[in-house]
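Working notes, beginning with the structure itself.
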Amino acid sequence: MAFINLKSKIIQVKIVYYGPGRGGKTTNLEYIYRKFHQRIKSEMVTVKTHGDRTLFFDFLPFDIGVINGYQIKIQLYTVPGQVKYNATRRLVLRGVDGIVFVADAMAVRREKNIQALKNLQENLASYKKNLHTIPWVIQYNKMDLVEQGIPILDVDLLEHDLNRELKRPSFPASAVKGTNVVATLKKIISLTVASIRKELL
Amino acid sequence: MADSSKSDPLSTALDNRLDELFREDEPTPAAPAAAKAKTSPLDELKKIVLSIDWEITPEALDSFMDQVRLLKEVYRDDKVILVFLQVLGSLGQYIKSSRSKVHPSTFNVLNSVFARLDEIVSAPKMPLAIRRKLLQAEMDAYQGLRAKITQRRTAEPAAKPAAATDTAARTQASAGETVTPEMLSRAVAELKEFIRTEMNALRQLVKPAARRD
Numbered sequence: 001m002a003f004i005n006l007k008s009k010i011i012q013v014k015i016v017y018y019g020p021g022r023g024g025k026t027t028n029l030e031y032i033y034r035k036f037h038q039r040i041k042s043e044m045v046t047v048k049t050h051g052d053r054t055l056f057f058d059f060l061p062f063d064i065g066v067i068n069g070y071q072i073k074i075q076l077y078t079v080p081g082q083v084k085y086n087a088t089r090r091l092v093l094r095g096v097d098g099i100v101f102v103a104d105a106m107a108v109r110r111e112k113n114i115q116a117l118k119n120l121q122e123n124l125a126s127y128k129k130n131l132h133t134i135p136w137v138i139q140y141n142k143m144d145l146v147e148q149g150i151p152i153l154d155v156d157l158l159e160h161d162l163n164r165e166l167k168r169p170s171f172p173a174s175a176v177k178g179t180n181v182v183a184t185l186k187k188i189i190s191l192t193v194a195s196i197r198k199e200l201l
Numbered sequence: 202m203a204d205s206s207k208s209d210p211l212s213t214a215l216d217n218r219l220d221e222l223f224r225e226d227e228p229t230p231a232a233p234a235a236a237k238a239k240t241s242p243l244d245e246l247k248k249i250v251l252s253i254d255w256e257i258t259p260e261a262l263d264s265f266m267d268q269v270r271l272l273k274e275v276y277r278d279d280k281v282i283l284v285f286l287q288v289l290g291s292l293g294q295y296i297k298s299s300r301s302k303v304h305p306s307t308f309n310v311l312n313s314v315f316a317r318l319d320e321i322v323s324a325p326k327m328p329l330a331i332r333r334k335l336l337q338a339e340m341d342a343y344q345g346l347r348a349k350i351t352q353r354r355t356a357e358p359a360a361k362p363a364a365a366t367d368t369a370a371r372t373q374a375s376a377g378e379t380v381t382p383e384m385l386s387r388a389v390a391e392l393k394e395f396i397r398t399e400m401n402a403l404r405q406l407v408k409p410a411a412r413r414d
């Protein structure tokens, strides 16, 4: 559940970018930051583990202003994709309100996508949440690699693997080029705020 | 889910605000690295270095080594760049062979060496003296890392003989603690002598007091 301060009328929304390692979660946030940092007036924070090379998580907070009397603050997080950092992923998921699942469209990553989605379900279950109730969208990233002759999974196949049951909004994208990065972000914010509002009423 | 609420005033206000905030009518400021990468032969190597920084996979390390080999061919006439590439190759080989046991400073050195190499490649007019100075700084860092790795490797096997010596010393101490009849009689003699001395001292103290009474 989002942090809501009824007295000061502030709603804090936590959105987590989840997915397999090297799938483009950080690239999504970097694009948003690079393109809009002057408008959102925010800094992107990248946290590394102490004395180690490993990226712990990325964090990009920003305000979207007052909507219907409530000031809405968005916090974007990424999780480390590596399998061994599950405890960190679970920790970042604490209090999550909305999720962007960034799948890697490269053909060689098919199995990793499925594993990562399963891992997301397991970790959400530890907070008594599930993919049937939480707002989430899917982004099929790295679609641009097809131009370089790299084998890419067909969107229908990705939908079949990851979205055939729940049929969430999905976006073929290229985080490097910025294709559908903003569409994905707008959609998850809309869905999440609507869901929070629904819970409040 | 939320699509059903699309027409309500809050959703409309939110969507309008998001459209305003995230309108994409301006060109995306290119990331400095991306702009440079367009003409940089290190473009591919850079991607791999970043991906290794995120996750060490056999594929990434193989690609890394392949790129280093390729660049060695490209820069075979540039001695400074060649040394940089040799250092990167050695670091890649070490990461590949050690994987989870890699010294944590390795990635700092790897990133630093790559950054300096990138700097040199991006500035073809850089004076040789500065190129050499940059190379020397990275070589020092690399040698420092090698020393740390060697130190760690020698410390590990050394820990075992040290433990063995310690055990031997303890065994010796235990042997020393074994009480023989000879040692026992010597100890009893010492104790008797101690008691005798003490008794004599007491007698000396008691005698004058008895006379006063």
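So the sequence lines, in the order shown, correspond to chains A and B. So for the first sequence, the numbering used here puts the first residue at 1; every next one is plus one. So for the second sequence, the numbering used here puts the first residue at 202; every next one is plus one. We put the CB at the ideal spot given by N, CA and C, even for glycine.
{"query": "Under the three-state DSSP convention, the category residue 343/B falls into", "result": "helix"}
{"query": "Span of the alpha helix (DSSP H) around residue 315/B", "result": "307 to 323"}
{"query": "Option in 275/B, 278/B and 313/B with minimal Cα separation from residue 292/B", "result": "313/B"}
{"query": "Any non-hydrogen atom of the ligand PLP within 7 Å of residue 165/A CB", "result": "No copy of the ligand PLP occurs in the structure displayed, which carries no ligand at all."}
{"query": "Spatial distance of residue 340/B from residue 279/B (CA atoms)", "result": "17 Å"}
{"query": "Segments of 3+ residues assigned as beta strand (DSSP E) that fall wholly inside the region 9 to 83 of chain A", "result": "10 to 18, 45 to 48, 55 to 67 and 70 to 78"}
{"query": "Same chain only: Cβ atoms within 6 Å of residue 67/A, ignoring 5 sequence neighbours per side", "result": "none"}
{"query": "Rounded separation between residue 71/A and residue 221/B - CA only", "result": "16 Å"}
{"query": "Between the CA atoms of residue 310/B and residue 288/B - distance to the nearest angstrom", "result": "10 Å"}
{"query": "Collapsed DSSP secondary structure at residue 98/A in the structure displayed", "result": "strand"}
{"query": "Nearest-angstrom Cβ-Cβ length linking residue 102/A and residue 31/A, presumed shorter than 8 Å", "result": "The pair is not a contact, with the Cβ atoms about 12 Å apart (cut-off 8 Å)."}
{"query": "Rounded straight-line distance, which links the Cα of residue 168/A to that of residue 23/A", "result": "19 Å"}
{"query": "Contact belief for residue 328/B with residue 275/B at Cβ below 8 Å, rounded distance in angstroms", "result": "With a Cβ gap of about 22 Å, residue 328/B and residue 275/B do not count as contacting."}
{"query": "Residue 164/A: contacting residues in chain B (beta-carbon distance under 9 Å)", "result": "Within 9 Å Cβ-Cβ: nothing; residue 164/A doesn't reach chain B, min ~17 Å."}
{"query": "DSSP bridge partner residues for residue 141/A (one or two, in chain order)", "result": "104/A"}
{"query": "Three or more C-beta pairs below 8 Å linking the region 133 to 144 of chain A and the region 80 to 91 of chain A", "result": "no"}
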